[in-house]
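Residue numbers (the numbering used here): 2 to 156. Glycine residues also receive a C-beta, built at the ideal position from the N, C-alpha and C atoms. Bear in mind the structure is a predicted one, so any value in this text is a computation, not a measurement.
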């Protein structure tokens, strides 16, 4: 029996904000009419990182533990859903926390997650354009679909 390669793949976006961390996983499917996207998973964990940062200038130990546990769950979801590409953005709580970069290095090293702290300007632009994240995922989906199509035609 010959198995056909699937025309679909999964992408994820993670937002680590001052109030909560969120993960959105979408299935991207290449169809004859273009690219179709279907939400597979959305999870929001209220971490309240900003409470510590805006009060004490750093992310406290308890909230750091909650963040690490949350990112472990998100990493497992990425593996469970066989996510091909993902984006992880951290916002003002990480930018403003004295220990934000240290925690970020720990997450990158121990969990092998590529996390980017975005600037206030980038965060504001994303907030003004709530479709930005979906457009990025859609573009990544098109790029992955194009790579797959190129590979299929060269075989």
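Endpoints, the beta strand (DSSP E) within which residue 60 is located | Locating residue 60 in the chain shown gives position 59, where the first residue counts as 1. First-last for residue 60: undefined, no H or E at that position.
If you run the structure through DSSP and keep just helix, strand and coil, what is residue 4?
-> In the chain shown, the residue the question calls residue 4 occupies position 3. Residue placement at residue 4 is flagged as unreliable, the pLDDT there being 42, under the threshold of 50; the coordinate-derived value follows with that caveat. Residue state, collapsed to three classes: coil.
Of the residues 80, 31, 119, 87, the one placed nearest residue 13, counting alpha carbons only | Against the chain shown, residue 13 aligns to sequence position 12. Among 80, 31, 119, 87, the Cα nearest to that of residue 13 belongs to 87.
Can you tell me the Cα-Cα spacing of residue 93 and residue 120, whole angstroms?
-> As a working mapping, residue 93 is identified with position 92 in the chain shown. As a working mapping, residue 120 is identified with position 119 in the chain shown. Roughly 8 Å between the two C-alpha positions.
If residue 25 and residue 40 are in contact, beta carbons under 8 Å, what's the gap, nearest whole angstrom?
-> Taking the chain shown and counting its residues from 1, one reaches residue 25 at position 24. Taking the chain shown and counting its residues from 1, one reaches residue 40 at position 39. Their Cβ separation, rounded to whole angstroms, is 7 Å, which keeps residue 25 and residue 40 in contact under 8 Å.
Taking contact to mean at least 3 C-beta pairs separated by less than 8 Å, is the region 63-78 in contact with the region 15-33?
-> The region 63-78, when compared against the region 15-33, does touch it at the 8 Å Cβ threshold.
What does DSSP give as the partner residues of residue 32 in its beta bridges?
-> Counting from 1 along the chain shown, the entry for residue 32 is found at position 31. DSSP, once it has assigned bridges, lists 35 as partnering residue 32.
With which residues is residue 40 paired in a DSSP beta bridge?
-> Taking the chain shown and counting its residues from 1, one reaches residue 40 at position 39. Note: residue 40 is bridge-paired with 27 in the DSSP secondary-structure output.
Under 8 Å, do residue 101 and residue 60 count as touching if we go by C-beta distance?
-> If you number the chain shown from 1, residue 101 lands on position 100. If you number the chain shown from 1, residue 60 lands on position 59. A contact, by the Cβ cut-off of 8 Å.
For residue 21, which of helix, strand or coil comes out of DSSP?
-> Reading the chain shown from its first residue, position 20 is the one you call residue 21. In this structure, residue 21 counts as coil in the three-state DSSP scheme.
Start-to-end residues for the beta strand (DSSP E) that takes in residue 89 | If you number the chain shown from 1, residue 89 lands on position 88. That run of the beta strand (DSSP E) goes 84-91.
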